[in-house]
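Before any comments, here is the structure.
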Amino acid sequence: VFGVMGLAVGVVGIVSPDEGKKASDGWLVLALAVVFVGVGVFLWKKGMAPSRTARRREQLRGFIRAQIRLRASDAALHLKVSEDEADALLTALIARHEVDLVYLAESREYVHRDALERAQSVGSRCPSCDAPVGADNVLPGDKVVCSYCAAPFMVA
């Protein structure tokens, strides 16, 4: 605010200096105003960074709640950031215990811990031969192959 007012006063001082004053006084006021504006813009942007990060974290938490499985690339596409940045955000959320996710290294996915615990021992029947199929560590939407008739089916 002071910088913008100083810009106006400096320009007026340059264009039409008062009696006994020189145009160089206006340039001095203008230079000081530019410094105020520059510092103000810097501090404003610096102050906006934490709110931008908090908004991005909240957006990621909402996206996580809507997914059963999550890849860092999916989060990166959703947030429009690089995959490394999305992975760092996911890791930070997990470290702060804001989300309860487990990283599955073989599929490079994050899964909700409660969904993984429910899926530890999914007992199901094959839709083709009605044989009991016990599948470990499968989630809804995974494809399982029946050990009796070799028919693939989706876990509900």
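Count along the sequence shown from 1, add 969, and you get the number used in this note's numbering.
Glycine is no exception: its CB is placed at the ideal position from the N, C-alpha and C atoms.
- Within the model, the alpha-carbon separation for Ser1051 versus Leu1039 is close to 15 angstroms.
- Runs of the alpha helix (DSSP H) lying entirely within the segment 1029-1083 and spanning at least 4 residues, in chain order: 1041-1048 and 1052-1064.
- Per DSSP, Pro1121 is one residue of the beta strand (DSSP E) stretching across Pro1121 to Met1123.
- Out of Lys1049, His1081 and Ser1076, the CA that lies nearest to the CA of His1066 is found in His1081.
- By the neighbour-count definition (other C-beta atoms within 10 Å, threshold 16), Leu1062 is a buried residue.
- Beta-bridge partners assigned by DSSP to Lys1112: Met1123.
- Put simply, the backbone Cα of Asp1043 is about 23 angstroms away from that of Ser1020.
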